[in-house]
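Peer 1:
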Ligand SMILES: NC(=O)c1ccc[n+]([C@@H]2O[C@H](COP(=O)([O-])OP(=O)(O)OC[C@H]3O[C@@H](n4cnc5c(N)ncnc54)[C@H](OP(=O)(O)O)[C@@H]3O)[C@@H](O)[C@H]2O)c1
Ligand SMILES: NC(=O)c1ccc[n+]([C@@H]2O[C@H](COP(=O)([O-])OP(=O)(O)OC[C@H]3O[C@@H](n4cnc5c(N)ncnc54)[C@H](OP(=O)(O)O)[C@@H]3O)[C@@H](O)[C@H]2O)c1
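Residue numbers (my numbering), protein chains in the order written: chain A, 1463 to 1929; chain B, 1463 to 1929; chain C, 3 to 94; chain D, 3 to 94.
1) Can you tell me whether residue 1610(A) is buried or exposed? The criterion is at least 16 other CB atoms within 10 Å of its CB, across all chains shown.
2) What is the DSSP secondary structure of residue 1870(A), counted as helix, strand or coil?
3) Please classify residue 92(D) as buried or exposed, where buried requires at least 16 neighbouring CB atoms within 10 angstroms.
4) So that I know if they touch, is there some Cβ in chain A lying closer than 8 Å to that of residue 9(D)?
5) For residue 4(D), report the span of its alpha helix (DSSP H) as first-last.
6) Evaluate contact between the stretch 1549-1556 of chain A and the stretch 66-84 of chain C, counting only Cβ atoms and requiring at least three cross-stretch pairs below 8 Å.
7) Quick one: Cα of residue 1810(A) to Cα of residue 1537(A), how far?
8) Quick one: what's got a C-beta closer than 7 Å to residue 1742(B)'s C-beta in the same chain, skipping five residues either side?
9) Indicate whether the contact test is met: 3 or more Cβ pairs, each with one atom in the stretch 1563-1574 of chain A and one in the stretch 1662-1675 of chain A, closer than 8 Å.
10) Closest to residue 1820(A) by C-alpha separation, out of 1855(A), 1525(A), 1660(A) and 1841(A), would be which residue?
11) Which full runs of the beta strand (DSSP E) of 3+ residues lie inside the stretch 1819-1875 of chain B, going along the chain?
12) Buried or exposed: which applies to residue 1748(B), given that a residue is buried once 16 or more other Cβ atoms fall within 10 Å of its Cβ?
13) Using beta carbons (cut-off 8 Å, strictly below), is residue 17(D) in contact with chain C?
14) Exposed or buried, which one is residue 1755(A) when buried takes at least 16 other CB atoms within 10 Å?
15) What three-state label does DSSP hand residue 1700(B) in the structure shown?
16) I want to check one thing, is the minimum distance from the CB of residue 1567(B) to the heavy atoms of ligand 2 below 7 Å?
17) In or out: residue 18(C) buried (at least 16 other Cβ within 10 Å) or exposed?
18) From residue 1841(B) to residue 1759(B), what distance separates their C-alpha atoms?
19) Does the Cβ-Cβ distance between residue 1477(A) and residue 1659(A) come in under 8 Å?
20) Verify the contact flag: residue 2005(B), CB atom, against every heavy atom of ligand 2, threshold strictly below 7 Å.
21) So is the beta-carbon of residue 1822(B) under 7 Å away from any non-hydrogen atom of ligand 2?
22) Under 5 Å from any heavy atom of ligand 1, by CB: list those residues in chain order, please.
23) What is the C-beta distance between residue 1853(B) and residue 1911(B), in whole angstroms, given that I count them as a contact (C-beta under 8 Å)?
24) My output table needs one value for residue 1474(A): the three-state DSSP class, helix, strand or coil.
25) I'd like to know if residue 1526(B) contacts chain D, where contact means its C-beta is closer than 8 Å to some C-beta of that chain.
26) Exposed or buried, which one is residue 84(C) when buried takes at least 16 other CB atoms within 10 Å?
27) Are the beta-carbon atoms belonging to residue 1562(A) and residue 1599(A) less than 8 Å from one another?
28) What are the partner residues of residue 1946(B), as DSSP defines its beta bridges?
29) Quick one: residues in its chain with C-beta nearer than 8 Å to the C-beta of residue 1908(B), no 5 flanking neighbours on either side, listed in chain order?
30) Using a beta-carbon distance below 8 Å, is residue 4(D) in contact with chain C?
31) Under a Cβ-count criterion, where at least 16 other Cβ atoms within 10 Å of its own Cβ denotes burial, should residue 52(D) be classed as buried or exposed?
32) How far does the beta strand (DSSP E) with residue 1912(A) in it extend, from its first residue to its last?
33) Output needed for residue 1608(A): all residues of its chain with C-beta closer than 8 Å, excluding positions within five of it in sequence on either side, in chain order.
34) Provide the residue span of the alpha helix (DSSP H) that contains residue 1597(B), from first to last.
35) When every heavy atom of ligand 3 is checked, does at least one fall within less than 7 Å of the C-beta of residue 89(D)?
36) Throw me the rounded Cβ distance for the residue 1550(A) and residue 78(C) pair, which I believe falls under 8 Å.
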């Protein structure tokens, strides 16, 4: 017992270091491995120690789970990673629900006296912990599944709103709490049906809670649900009085909450706004009036302008990811640089569909690190830039965020490409960005549209330069 | 028991918030009160709960200690505060020693069986904890006393070095450890004499460990011993298996160590260098050659130069504190400002004898906050300054730190007053600063000495302006 | 006493979790989320204990599913985080 | 188990202590040192317990001295820190 718990302490320390190291670029990868080592230690020590009755189930469970996890993680495309994380996170929540349920079942089988033994906890304590594990874990499970469906496009990204939605959710939560009270205070006549009812309500709550949130906010939702799954693990730890579950779960719960807040800030949202704002649905109803017209340009036009430019800023967005245009873009950038042009890539923190999306794509295409610039470094010099090439970006260059107080994205920091001398926007057609808003940038006098798939457009530009 | 421990948890949380808040200027004072509230809670709850046998001693102890603490804290002069903190810290270490000893005595009286009861700890664990409490607490006690004597000037500030010093200290520590081994492994025949011998060795070690450290490094030493007294409290907590002692002590131990490192960095020293460097003793033996000569100036000279100046930077140092010249300086600054001069106070992080010394003095004299500037803000513009008034500062403006690689303070950041157009240095005579080094600033062509007590010199300048 | 200490541990871990994350560059948000999600798969330890101690075959079955879910979370979580981080250059 | 949990608490408190202090402006070094020194006077709780449980008059005497020393540390420490901090202006 002593050695197991010492190993658990060591594992917890490894988790602490792991989380700390994940927070800075230079150490992140090592940090993840440190934390994996902690997990391995905790699992191995648990396997060696516990007076395990049914080895068969355990081996089967680990083999099946391990293989599925391995294959999923190896197969997934880079762009699919955020939704995969959502899925994993949901499974973590599910595991906490099931652990709570399994313990409840064991109490039912053995009776309280045998279950509690001469341990320190009383029935009420155990039941409260089971209730919390099931409640938090259940919401995490289905909430993450909905997030997964929305992010992967298997379900429409826009918020599903209906009247009385918040009231309904509140009522479901209330019902779950009341049933929880019944469970806890009738502790000695254990009602399995009540527990199952609670589980079902929580699963429903997870679905209904995430439905009204737009797909663009899913990364924040996942971060939040990640924090929840930590707390669910912690609650499960209180059920079985296991310190490493309590500590690791709570570490994730607390640090996940901080990360959620940080991510909200990067999108200029508040947490309340994300969960209850129904952001992205109301918007579409609004009539928007825009002056000017969208002026299409040909690839040759763009070629002549680029030929003459002294400085070019590329602003990639989600469309570059869709078109997988990063390699072509990098080629164009290299050609321009060869011509003596000052080339920069301006990366908006929430461009694409996951934080760091653009960084990953451009790194994949071997864009030199020196050419990458953050939004805050580019904005001050943008008015001296000859050409801004907007490659499948939309919301992150929408001047309404800076200028139109009535816009729902007003206040979100953007890359001020509209201040550049000439702006070329590459997109396929009239499609809106994630927020569904009209982008006034496209109607500005200094903006020209280059319609078509971004990869093809860039490729034609490259061949103009080469030919 | 449950409620007491819950109160201890709350107290620990208050300590955590307290330490956190003490780290930033806006919340520091409230933070100290939050932490005091935690202490009050912990003490009151302990008094209410414990099956206390001898109330008399307890009431007497609290009353006596409380009164002494109150009077000492109320009476002390601002400049005496650092040494008072050292004294308090030493008493904290002493308390841990005595708690360890008292518990040891109780074991002797009641025997192990009655002492341990059905508690979770074994004799070895208790004895190790007692040994650590006594070891760390004892070193903290006498080490802090020596620091007190050095800081308050009751003992010479310079390092006391003799050959074989480090070896002697190592031997004493070794002896203490061996006796500790005897204590722990002969646990069942409790040897009171061994414990007393250990205590005496630790007390000696504290004295000998701090003697070779120069007075200028005492703030670092106190910060370090503060960290130690936290660990001693934590060890005492393990003796009596009390969680609030363990947590609060460990928080202080860890955060104190970080603070020690931060303070070392501000002085451009390493911890090892502070403890084993004998800094400030070796220096005086070194022959130093300086070119140029010290040129005295009269108050009228200074007056005419100041009259014509556009920008003046005051650089206060320990001499300003000695002369209590802050009010006079503030008056002069106000007059200059009234004449349209751009006035700044440049504050070096280790000017004076405690961190923040100059800030406190200038705040006392009501110098406007906008006039205070940090070293890093002043240095870039110092060459455009007409007059630098160095008021009793010496080491913190010694150009050798920037220029002379062989100087023991080489690498310490300084305020580059020697780059100003004209420098006036106010000091009483040829006295050296804390480091004992010759200051080449005084020999520079653009430097003029204004000999005399800083307060009087400034006062005459003020009357020149007024008259 | 033991329960109190477990709660104490929970409280300290919460404060520590809050302090651990300060400023995170935005491209690390996803890996950090993914990496700490893998840690929350620590329920795997709970699932092993619950499965190992199960008293009914129904209990074993639930435990088995818990273990599968938690193991996917752990194994997949660490691997996918590692892949994500591998995509960043040293300096990126 | 209880001992293990106490050690766990110690470890977590250590990490928390390290994280709590990040950047401290230099004029706060002394008050921070003084304020956390007052916290280390928590031995006062230990001294109360030891004195209250003492079995010999010698033990009581030692406990008494421990209590005096710790109380001075606590009361003096908090008061002097408060005085130090009072000397700084709101903005200073
Ligand atoms: N980074 C994150 O963490 C994250 C996560 C989730 C959501 N979000 C949200 O997502 C948005 C990101 O903004 P963004 O500017 O990067 O993208 P965006 O606003 O979603 O716009 C993407 C644009 O790319 C165009 N496009 C799509 N496929 C294309 C292709 N093959 N070739 C060329 N163009 C193509 C689309 O127009 P057409 O259809 O006309 O081609 C669309 O206007 C923000 O609203 C942000 O809040 C961010
Ligand atoms: N701040 C801290 O935390 C701290 C703590 C401990 C040590 N230290 C060390 O202390 C030093 C601080 O440097 P510092 O430049 O402030 O002071 P300093 O180097 O100690 O020099 C003080 C100068 O003031 C002069 N002085 C003394 N009384 C005076 C009076 N009544 N009127 C006018 N001048 C007077 C002295 O010269 P005369 O004798 O000729 O008048 C002396 O040269 C550094 O070496 C630092 O490392 C700092």
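Here a beta-carbon is modelled for each residue, glycine too, at the ideal position from N, C-alpha and C.
Peer 2: Based on what the coordinates show:
1) buried
2) coil
3) Note that residue 92(D) scores 45 on pLDDT, short of 50, meaning its location in the model is unreliable; the coordinates nonetheless yield the value given after this. With fewer than 16 other Cβ atoms inside 10 Å of its own Cβ, residue 92(D) counts as exposed.
4) By this cut-off, residue 9(D) is an interface position.
5) Its alpha helix (DSSP H) spans residues 4-22.
6) The answer is yes - the stretch 66-84 of chain C touches the stretch 1549-1556 of chain A, with three or more Cβ pairs under 8 Å.
7) 28 Å
8) Reliability fails at residue 1742(B), whose pLDDT of 49 lies under 50, so the model's placement of it is uncertain and no value is given.
9) no
10) 1855(A)
11) 1834-1836 and 1849-1853
12) Unreliable placement is indicated for residue 1748(B), whose pLDDT of 46 sits below 50; the coordinate value is still reported in the next sentence. Answer is exposed; the Cβ neighbour count stays below 16.
13) yes
14) exposed
15) helix
16) Incorrect: residue 1567(B) has no Cβ contact closer than 7 Å to ligand 2.
17) buried
18) 25 Å
19) no
20) Residue 2005(B) cannot be examined here, being either before or after the span of chain B that is shown, 1463 to 1929.
21) no
22) 1678(A), 1681(A), 1779(A), 1780(A), 1781(A), 1784(A), 1785(A), 1812(A), 1813(A), 1814(A), 1815(A), 1816(A), 1817(A), 1854(A), 1855(A), 1856(A), 1857(A), 1858(A), 1889(A), 1890(A), 1891(A), 1893(A), 1895(A), 1896(A), 1897(A), 1915(A) and 1916(A)
23) Contact doesn't hold; Cβ gap of about 12 Å is too wide.
24) helix
25) Answer yes: the Cβ-Cβ gap between residue 1526(B) and chain D drops below 8 Å somewhere.
26) buried
27) Between residue 1562(A) and residue 1599(A), the C-beta spacing is below 8 Å.
28) Because chain B here runs from 1463 to 1929, residue 1946(B) falls outside it and cannot be looked at.
29) 1880, 1882, 1883, 1884 and 1885
30) Judged by the 8 Å Cβ criterion, residue 4(D) is in contact with chain C.
31) buried
32) 1909-1913
33) 1617, 1668, 1669, 1672 and 1673
34) From DSSP, the alpha helix (DSSP H) with residue 1597(B) extends over 1585-1613.
35) As for ligand 3, it is missing from this structure, which binds only ligand 1 and ligand 2.
36) 5 Å
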